[in-house]
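Data block below; observations after.
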Amino acid sequence: MPQQFNHGYALLIGVGESRYSRLSLPVTVNDTQAIYAALIDPELCAYPDNNDHIRVLNNKEATRDNILEGLQWLQESAKADPEATIFVYYSGHGLLNKEDNRYYLLQHDIKLTKLAASALSAEVFTEALRQIPAERLLVVIDSCHAAGMATSKDPEEIIREVEKVDIELADEFEDFQRVSPSKGFVEQLKQGKGRVVFTSSRGEEKSWIHPDGLYSIYTNHFLEALQGAANKPGDTDVKVSNVMNHLSKVVPESVRKFYQKQQTPNFDMATEDFVIAKLKGGKGFKGWQEEESEAEEKIKELASVEIKAAGDGAVAAQNSTVIAGADVIGEGIVFGNQNTVENKTMNQNTTDNYTKYNIKINKGENIKIGDKSEDN
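Under the working numbering, the first residue of the sequence shown carries the number 3, and numbering increases by one thereafter.
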């Protein structure tokens with residue numbers, strides 16, 4: 003019988019669609035969507051599947067105010083639950099102001115003319131985290147994404163596109179530098195008892211997308227770690243150290259293999275090791291050699307959510323034809339308002355453990371996850 007990770011609380015942020023199209027990163031929504039699916043799966047991480055334990059801010063929802071409200075919610079949750087384990091995951095861009103060496107996370111609603119004033123500064127983000135009284139808090143920042151990698155394509159083509167967009171962004175943000183979180187920012191984040199900070203890369207290294215277009219390489223391997231890639235047979239929990247050991251080894255290897263580039267994950271701890279999720283629902287682990295094939299299939303399933311809400315009345319779809327009045331960003335990703343999907347059968351959360359129903363749509367508007375068709 004699966005056990006539940008009743009003291010787990012998670013805030014997942016995928017900036018995805020930015021007000022400024024050059025900074026849009028559809029893959030970041032895939033990242034948070036898949037981590038969410040893994041966390042709530044009773045056969046995997048076994049977080050309670052409700053708004054009291056896990057919240058996701060993607061696309062238009064990933065605003066500065068909403069992020070800070072989400073951190074306030076985590077503060078209240080930790081106060082109410084002394085045994086709380088807090089998990090914050092940010093996937094998006096970050097910029098360093100070259101004049102004053104201040105670091106910023108670029109949420110959805112930045113204003114280009116007032117970038118420093120509108121972006122979420124390291125100081126504000128750090129102070130909000132400091133207010134969370136949990137003794138076990140993991141912050142993961144997958145930033146400095148290689149811009150321009152919206153779709154699955156040949157690695158050499160991706161590199162050419164990234165270099166082109168890098169030049170364009172450097173011209174537009176001449177006072178800022180796209181880099182991984184600064185050492186000072188990480189030092190601030192880990193202040194306090196029980197703090198652990200992961201960043202996907204160091205310095206001017208980029209965070210690369212997997213060539214299959216599903217996730218960033220970092221998130222792909224993070225999902226492996228949540229399924230026991232660095233655990234021993236018989237383990238029932240995933241600990242911080244398990245994730246660190248796996249990411250530190252395989253992320254650099256994968257980036258070298260696909261792109262002949264360097265990406266070095268960074269880890270800072272100010273605490274002893276702690277559990278961040280159940281492993282296989284707490285039922286016991288056979289060992290990665292026996293579980294790897296099934297785990298890799300599960301990772302693909304986590305990406306197969308075919309209807310995703312991206313704001314009021316919006317529909318985003320993967321691997322299907324969509325007729326919509328919105329801009330298309332990336333391959334199979336659609337953002338916008340009042341989109342219409344015609345004559346398609348789509349699965350909602352197609353993974354076995356949380357598929358509720360299929361929807362046969364002749365013509366539908368304002369479809370959101372959780373809606374049933376009239377035939378069901």
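Note that CB positions come from ideal geometry on N, CA and C, so glycine has one too.
- Using a 10 angstroms sphere on the CB of Glu63, the tally of other CB atoms reaches 16 or more, which defines it as buried.
- For Asp83, the closest C-alpha among the options Glu19, Thr128 and Phe7 is that of Phe7.
- Glu274 places its beta carbon 8 angstroms or farther from that of Gln229.
- Listed in chain order, the non-local C-beta contacts of His110 below 8 angstroms within the same chain comprise Val17, Gly18, Glu19, Ser20, Arg21, Asn61, Lys62, Glu63, Ala64 and Thr65, local neighbours out to five positions each way being set aside.
- For Tyr261, no beta strand (DSSP E) encloses it; the enclosing alpha helix (DSSP H) starts and ends at Val242 to Tyr261.
- Contact between the segment 225–241 and the segment 29–45 is present: three or more C-beta pairs spanning the two stretches fall below 8 angstroms.
- Considering only Gly94, Ile278 and Asp102, the residue with the shortest C-alpha distance to Asp239 is Ile278.
- With a cutoff of 8 angstroms on beta-carbon distance, Thr221 and Asp144 are scored as near each other.
- Following the DSSP letters along the chain, one finds Phe200 inside the beta strand (DSSP E) bounded by residues Arg197 to Thr201.
- Annotated three-state conformation of Tyr105 is strand, per DSSP.
- Here the alpha carbon of Ile88 sits roughly 12 angstroms from the alpha carbon of Gly72.
- A residue is called buried once 16 or more other Cβ atoms fall within 10 Å of its Cβ, and Ala136 is buried on that count.
- Judged by beta-carbon spacing, Gly96 lies within the 8 angstroms limit of Tyr106, meaning their Cβ atoms are closer than that value.
- Secondary structure of Leu97 (DSSP, three-state): strand.
- In this chain, the alpha helix (DSSP H) harbouring Ile69 covers Arg66 to Ala82.
- In the three-state reduction of the DSSP assignment, Arg138 falls in the strand class.
- In the DSSP secondary-structure assignment, Ala12 is bridged to Ile56 and Phe89.
- For Ala121, same chain residues with a beta-carbon under 8 angstroms away, outside a window of 5 residues either side, are Arg66, Leu97, Tyr106, Leu107, Leu108, Gln109 and Ile112 in chain order.
- For Ala130 and Gln77, the gap between their C-alpha atoms comes out near 8 angstroms.
- Collapsing the DSSP output to three states places Leu122 in a strand.
- Between Gly196 and Arg132, the C-beta spacing is not below 8 angstroms.
- Inclusion of Asp43 and Tyr217 in the CB contact set at 8 angstroms is not warranted, their separation being larger than that value.
- From the listed residues Asn103, Glu45 and Pro50, the smallest Cα separation to Gly205 is found for Asn103.
- If you draw a straight line from the Cα of Lys285 to the Cα of Leu114, it is about 50 angstroms long.
- When DSSP states are grouped into helix, strand and coil, Ser26 belongs to the coil group.
- In this structure Asn244 is buried. Its beta-carbon is surrounded by 16 or more other beta-carbon atoms within 10 angstroms.
- With 16 or more neighbouring CB atoms inside 10 Å of its own CB, Ala12 falls in the buried class.
- With a cutoff of 8 angstroms on beta-carbon distance, Phe287 and Asn247 are scored as not near each other.
- Asn222: member of the alpha helix (DSSP H) spanning Ile219 to Leu228, first to last residue.
- Residue environment for Gly215: buried (at least 16 other C-beta atoms within 10 angstroms of its C-beta).
- Looking at Leu41, Leu59, Cys47 and Gln5, the one whose alpha-carbon comes closest to that of Thr30 is Leu59.
- Restricting attention to Glu207, Ser123, Ile69 and Glu296, the CA atom closest to the CA of Asn268 is found in Glu207.
- DSSP places Ala279 in the uninterrupted beta strand (DSSP E) bounded by Val277 to Lys280.
- Of the residues Glu255, Met271, Asp270 and Ile211, the one whose Cα lies closest to the Cα of Gln264 is Glu255.
- DSSP places Phe127 in the helix class (H, G or I) of the three-state scheme.
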